[in-house]
Amino acid sequence: MKIFLSGAEMTSELALHAQLKQKLFFPDYYGENLDALWDCIRCVDVPLTVVWQDFAQSQEYLGQYAERVLETLRDAEQDVPGFILEVR
218 MKIFLSGAEM TSELALHAQL KQKLFFPDYY GENLDALWDC IRCVDVPLTV VWQDFAQSQE
278 YLGQYAERVL ETLRDAEQDV PGFILEVR
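Right under this line is the structure:
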């Protein structure tokens, strides 16, 4: 499966996590923080490719937080066989 994240819609940390929760089918109890992202991303159904479009725009909105989320997703790419991240 391939899903697309829109950096243009990541205007806040809350908006970013809402998009992740919806697109990746995270459970209702998803905590909307980096620890919760790590916990949930390791349990996604694979194979899965996540395409983060307009990353530069999400950086403009979120600054360092976008980098921290990217780092978490890159760590997942190393830890979860079948999980692929593409950044555009």
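Here my numbering runs 217 ahead of the position in the sequence shown, where the first position is 1. Where is the CB? At the ideal position from N, CA and C, for every residue including glycine. Owing to the predicted nature of the structure, the values given are computational and were not obtained by experimental measurement.
{"Asked": "Exposure of G299, with buried meaning 16 or more beta-carbon neighbours within 10 Å", "Found": "exposed"}
{"Asked": "Distance CB(W255)-CB(V304) smaller than 7 Å", "Found": "no"}
{"Asked": "Where the alpha helix (DSSP H) through L241 begins and ends", "Found": "Looking at the DSSP string, L241 is not in any alpha helix (DSSP H), and its letter there is neither H nor E."}
{"Asked": "Under 7 Å between C-beta atoms of L279 and L290", "Found": "no"}
{"Asked": "Closest by C-alpha distance to D292, when choosing among R259, F243, Y247", "Found": "R259"}
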